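Notes follow once the structure below has been shown.
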Amino acid sequence: MKVILYNENRSWKHESMSCYNYLPLSFFKEVTGGKSFIFFIALTLVFLTNVTSLFSQNPNWTTPNSGAFTYNASVIARVHFNAATSNHMNDRIAFFVGSQLRGLSTPVQVGSSVIHFITVNANQITEVMQVKIYHHSSNLVYDVVTPFYFVANNIYVNINQPMIFNVYTHNNTPLNINPIPPQQTIQGLAFNNISLNNFLVQPDPYPVEWTFTPNANLHVRINNGILSVSVLPSFSGQTSLTVRATELGPFPPPVQFAERTIIYNVTAAYDGPEWNPIPSQGIVKGNNFQNADLNVYEYQYGGPYIEYSYEPVLSAKIPPVSAPNWIQPTNLVNSMLMTAQVNYTPYHQFIHPNDRLAAFVNNQLRGVASVHPSTGLFFLSIGSNLSSGEVIKYKLYSAEMQEIISLRDSFIFVSGNIIGMPTNPVNLDFTPILPMINSSGMASFVIRDTSFVGEVAIKFTAYDSLYPGYLNDQTITKLCIVNHIADLDTFYRDADGDGLGNPNIFIKACSLSEGYVANDDDCDDNSDLDPVVTFTLTENSGILPNDGNLCNGGSVTMSATGGIAYLWNTGATTNSITMTPSETTSYRVTITLPGGICYNVIPFDVFVETSLIKSSANEGNGSLRNVLFCISEGDTILFNLPLTTHSHLTQPLLIGKNVMIEGLSPLVRPMIRIDFLQTNSGITIEEGKTLTLKNIDINTLWAGTYSTFSGPGQINIQSLVNVKSQ
């Protein structure tokens, strides 16, 4: 900025100058002569000043006549030059509207300081004014960029503290960094980023370079004024980091900079929360759910204070309910308006664009609304042919739940009535079962809708109060209400995760709960205390040995150890049995543990591969490839119609036996599909072998130049066989 300087020889010269006056409350304090004053503490004001002209003497501002104006206000202020008090009696502070002078300061010596008293005048109750400062020592006039907001009859004064107008030369106002709060984290978690520019006080409009003093305990990065800090894994305790802002302006040295030290506290790591499953509950309508002490199910937390929260888990209904065709009725004489926020517990708001809220009287539709995209509210117009008295019930179609749910509460229709406002909507909570957690961590479950029959899922979160996003764990429990006790299933606790349930610990529920199983085959549900029980299976049949998958005619030996008695579901009481099943069979051994008061039950299946294709997959149990491996020379392979209608080959198939693949009839023909998108070879027949196809279709996907059949062997076609390409 250019400043015109006027010297005694009346020659002109130019110099870059500036001044600045900012007034946060803490900077308004200045004591002189044992007394102090205050000016306009009601608002925090920042004053920027620019040099506009130079006068060799007072610019001859004349104090305006207050009697010529309708309103006035009082101001007390002080002038600082380069952070030092300017106590010259010829300094002046002037207030302007346009070119009209509205107030001029009268300097008064108060002790060793000069205080400026100003009466500011106006012809309207409020007005925006500009402020100028004449600084006698530099012989310059400065414009204050920040306007003065005049309010009639205000007294911007308190004799404890005057307003400070700061003036700086060279257009180079000092920087400042406001205090930055101490930062807190735990080992393993980075500190939150800090936007340093939010703490920077910089009057001048020039770029700033941020730097820092390295700290051996911290990894530090500053990018575009964003400070990112992480701590070394081994460090805990308190440390500090000093950051510096350097102004990159076109000024003569020294450059302006400011520094601020930030305290960083690192808490030694401790264990976060971990849940044992919270048992699901099922009750018959009319009964109540048991409370759940969440502290019992959270077992690991090692920090100072744990907190609990919940949220509902909404899932689509099976089978889903289609969106209803609700249409706003138009043939009703009277109406009332409801503005509603629609919730499912206080922690889930229905805001899906396909959600629909509808009002009914005796199942007759009286109004329908969708959610407003900006407010998340439903503006529902409800109609009636009566002026009042009808009972309004509400239903909601939830696009997320794909279900129509009903509200237990009702409202009475009153023509012209307005229920709820956008700033204070009525809350419609469709929650049938409302969880509540008290300050001690006890969860209770309030049945809000006594007519409800069904199941709800609740996700509980345990979290550390200091680092909730870092140290937390979640678990889901389910609550259901049924009409009859027979509608509930029994599930048994499986604490050791072996798939076997404890017959002495069980729940009644509508669906399987985490940590529970449907069997009660583990009376000592603690693997750490159980004797070592082993089970082995030995066979050399099928594609892989000892996998429990046999070719028809193969045998398998099953052995158990670690008990004092054994009982197989075949009736055998030895610890080992050998079986030759002709079809897939489930086996089960009950092992009595030492002491004779506890037992384990081990179930397993032995899959027997026959000549029947039971899977359309390229490989695996029941697939064409596995069946072909197991059959004997000259056997016939059939499809398990109507359940399995095709076989999908994604790898080459080698025919190394004389074999027939046969469909049911010329009208019911299974298909072998060769997928040349995944393989470059189809069916290869070895020399001296014949593949007979009867009532079978061959379908190739994108055959291109690949061969469906290859090899020196032969193909024999019987009855009807179609070969085609897609």
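With numbering that gives the first Met the number 0, letter number 475 in the sequence shown gets 474, and the count goes up by one each step, no holes.
The C-beta atom is built at its ideal place from N, Cα and C for all residues, glycine as well.
Just so it is clear, the structure is predicted and the values come from calculations on it, not from any experiment.
Give the DSSP bridge partners of residue i, in chain order.
i: cysteine 509; result: Paired residue(s): none; cysteine 509 is not in a bridge.
i: arginine 259; result: Val242
i: isoleucine 274; result: This sequence places tryptophan at residue 274; isoleucine is not what is there. According to DSSP, tryptophan 274 bridges with Glu297.
i: glutamate 686; result: Answer by DSSP bridge pairing: none, since glutamate 686 is not bridged.
i: glutamate 740; result: This structure cannot speak to residue 740, because the chain is shown only from 0 to 725.
i: glutamine 713; result: Thr689
i: valine 533; result: Position check: residue 533 holds threonine in this sequence, whereas valine was assumed. Per DSSP, Thr560.
i: asparagine 599; result: Asp521 and Ile590
i: asparagine 175; result: Val200
i: arginine 77; result: Ile163
i: lysine 723; result: Asn698
i: aspartate 292; result: Met441
i: tyrosine 705; result: Looking at the DSSP assignment, tyrosine 705 forms no beta bridge with any residue, so it has no partner.
i: tyrosine 133; result: Arg91 and Val140
i: histidine 347; result: None; histidine 347 has no bridge partner.
i: glycine 382; result: Ser334
Is DSSP giving residue i helix, strand or coil here?
i: leucine 592; result: coil
i: arginine 668; result: coil
i: phenylalanine 628; result: helix
i: tyrosine 65; result: Reading off the sequence shown, one finds serine at residue 65, where the question assumed tyrosine. Here serine 65 sits in helix by DSSP.
i: alanine 121; result: strand
i: alanine 559; result: strand
i: alanine 268; result: coil
i: leucine 676; result: coil
i: leucine 623; result: helix
i: alanine 358; result: strand
i: methionine 726; result: Residue 726 falls outside the range modelled here, since the chain spans only 0 to 725, and no answer is possible.
i: tryptophan 567; result: strand
i: threonine 649; result: coil
i: phenylalanine 95; result: strand
i: proline 319; result: coil
i: glutamine 327; result: coil
i: phenylalanine 54; result: Any reading at phenylalanine 54 needs caution, since the residue's pLDDT is 43, under 50, leaving its predicted position unreliable; the model's value is listed next. Coil.
i: glutamate 538; result: coil
i: valine 605; result: strand
i: threonine 48; result: For threonine 48, the predicted structure reports a pLDDT of 46, less than 50, and the residue's modelled location is therefore unreliable. A value from the coordinates is still provided. Reduced to three states, the DSSP call for threonine 48 is strand.
i: alanine 82; result: coil
i: glutamate 618; result: coil
i: phenylalanine 429; result: coil
i: alanine 339; result: strand
i: serine 718; result: coil
i: glutamine 108; result: strand
i: aspartate 634; result: coil
i: alanine 368; result: strand
i: alanine 72; result: strand
Between residue i and residue j, how many whole angstroms is the CB-CB distance? I'm expecting something under 8 Å.
i: threonine 609; j: asparagine 551; result: 5 Å
i: methionine 670; j: threonine 635; result: At roughly 17 Å, the Cβ-Cβ gap does not stay under 8 Å, so methionine 670 and threonine 635 are not in contact.
i: valine 228; j: histidine 218; result: 7 Å
i: valine 452; j: isoleucine 480; result: 5 Å
i: arginine 77; j: proline 161; result: 5 Å
i: isoleucine 695; j: glycine 662; result: 5 Å
i: threonine 689; j: asparagine 657; result: 5 Å
Validate contact between the segment 188–203 and the segment 233–253 using beta carbons, cut 8 Å, 3 pairs: yes
Three CB pairs or more closer than 8 Å across the segment 515–524 and the segment 564–582: no
Beta strand (DSSP E) runs wholly inside the segment 189–240, at least 3 long, in chain order: 207–211, 217–222 and 225–230
Three CB pairs or more closer than 8 Å across the segment 352–364 and the segment 276–285: no
Meets three-Cβ-pair contact criterion under 8 Å: the segment 532–548 and the segment 621–640: yes
Inter-stretch contact at 8 Å, needing at least 3 Cβ pairs: the segment 347–359 / the segment 437–453: no
The segment 449–464 contacting the segment 288–305, beta-carbon criterion three pairs below 8 Å: yes
3 or more residues per run - each beta strand (DSSP E) lying fully within the segment 434–506: 441–446, 453–463, 471–481 and 488–492
Contained beta strand (DSSP E) runs [length at least 3] in the segment 388–418, N- to C-terminal order: 402–413
Three CB pairs or more closer than 8 Å across the segment 479–490 and the segment 249–257: no
Three or more C-beta pairs below 8 Å linking the segment 498–513 and the segment 300–308: no
At least three beta-carbon pairs within less than 8 Å, the segment 110–118 to the segment 83–92: yes
Cβ pair count under 8 Å reaching 3, the segment 466–475 against the segment 318–332: no
Segment contact flag, the segment 383–391 with the segment 408–420, C-beta cutoff 8 Å, min 3 pairs: yes
Cβ contact check for the segment 370–380 and the segment 331–348: 3 or more pairs under 8 Å: yes
Contact between the segment 101–116 and the segment 134–144 (3+ Cβ pairs under 8 Å): no
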